[in-house]
Amino acid sequence: MHSTLQKPKPLRDIRYFENIVAPQRTEPMPGYASKLYDFPRACIALGQRVGMKCEELGVSIGRADHLYLCLTPSRPEGTVETTEYAMEPWHRFALYGMDLAFNALSEEKKLAKVIEATFATLRVLAADQERVLEMLRHSVESQGEALRVCLKVKATKQYHVRVEQTVPVHPQPAEVFVEVTHLKTQRSKSAKVAEVAHYDDAPSLVDRIAIIGDELTIHPRKSFRASLVTKDYQVPIQLSLAGLKGV
Numbered sequence: 001m002h003s004t005l006q007k008p009k010p011l012r013d014i015r016y017f018e019n020i021v022a023p024q025r026t027e028p029m030p031g032y033a034s035k036l037y038d039f040p041r042a043c044i045a046l047g048q049r050v051g052m053k054c055e056e057l058g059v060s061i062g063r064a065d066h067l068y069l070c071l072t073p074s075r076p077e078g079t080v081e082t083t084e085y086a087m088e089p090w091h092r093f094a095l096y097g098m099d100l101a102f103n104a105l106s107e108e109k110k111l112a113k114v115i116e117a118t119f120a121t122l123r124v125l126a127a128d129q130e131r132v133l134e135m136l137r138h139s140v141e142s143q144g145e146a147l148r149v150c151l152k153v154k155a156t157k158q159y160h161v162r163v164e165q166t167v168p169v170h171p172q173p174a175e176v177f178v179e180v181t182h183l184k185t186q187r188s189k190s191a192k193v194a195e196v197a198h199y200d201d202a203p204s205l206v207d208r209i210a211i212i213g214d215e216l217t218i219h220p221r222k223s224f225r226a227s228l229v230t231k232d233y234q235v236p237i238q239l240s241l242a243g244l245k246g247v
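Going letter by letter, the sequence shown gives residues 1 to 247 in my numbering.
Given below as structure tokens:
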């Protein structure tokens, strides 16, 4: 069990916390960023989006797969500080100095500040993955909420299939898309195939992909945990591929 915990894992979630001073080992976990800092929902969605993209791209900060970024006015503006503070082995806390003047900024500028805080911290914790992080930051800034996370790719002799999702600002639904290309004709079809109430519901809907004749079927995950999610949606997801083969 010990060796499993020590094995590096891809990062999968980023959350933002706040504290007047750096949290100490004997203290309870800081609260989510909301009182010290006027934190827009767009910033919360940013952490979710970047976390899922890090998992897709294999970005790792070590044995923890959750990054908890604690914003604090007790550190100089824009500085990143690592800490051993953690409540669970899968948590990794880091401190980021942020002045309370953050609260007077527009929502757009607040989001830009949090993007900078997020990627400055990732550059420290995943220093060997700087090139991937630069590319990811460019995608985050240029695509915003339209950025998609890849959930599944399947290649057969005839088709290439890619399943993706968005990570929107709550309470907007996340969208699941499928893009299919027929390799011989190079004809493609892209379609939105599902909407989910919570962004982290989408992965439960996507597991095994099967193509029989002109119909693509995306089967959901079979675990008990996934079944608690998929019971609220129409599964399996199906998509007609008619016309992609040509005449």
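Cβ coordinates follow ideal geometry from the N, Cα and C atoms, glycine included.
Under the three-state DSSP convention, the category residue i falls into
i	result
P220	coil
R15	strand
S74	coil
S227	helix
E55	helix
E130	helix
F39	coil
I20	coil
P8	coil
The beta strand (DSSP E) enclosing residue i, as first and last residue numbers
i	result
L111	Per DSSP, L111 belongs to no beta strand (DSSP E); it is in the alpha helix (DSSP H), 107-125.
I211	209-212
E81	80-82
S240	237-240
F93	91-97
CA nearest to the CA of residue i, picked from the options
i	options	result
N103	T72, T181, A22	T72
K152	F224, I20, L57, L11	L57
A126	A94, G62, P89, P203	G62
V178	E107, T118, G144, E215	E215
T118	D99, V140, I20	V140
P168	S190, R123, G47	G47
Y96	Y85, A120, K109, E84	A120
D65	K7, R25, A33	K7
T79	Y85, L69, G144, C43	L69
K174	G243, V132, L105, E145	The question names Lys, but residue 174 is Ala in the sequence shown. It is E145.
Alpha helix (DSSP H) segment containing residue i, residue limits
i	result
Q24	Per DSSP, Q24 belongs to no alpha helix (DSSP H) and is neither H nor E.
Taking one C-beta from the segment 72-89 and one from the segment 14-32 each time, how about it: are there three or more such pairs within less than 8 Å? Touching, yes.
Just to confirm the assignment: which complete beta strand (DSSP E) runs, minimum length 3, are found wholly within the segment 138-214? Runs of beta strand (DSSP E) with 3 or more residues, each lying fully within the segment 138-214, are found at 148-155, 159-166, 174-182, 188-196, 209-212, listed in chain order.
Taking 8 Å as the threshold, find out whether the segment 35-51 comes into contact with the segment 106-118 through three or more Cβ pairs. Flag = yes, the segment 35-51 and the segment 106-118 touch.
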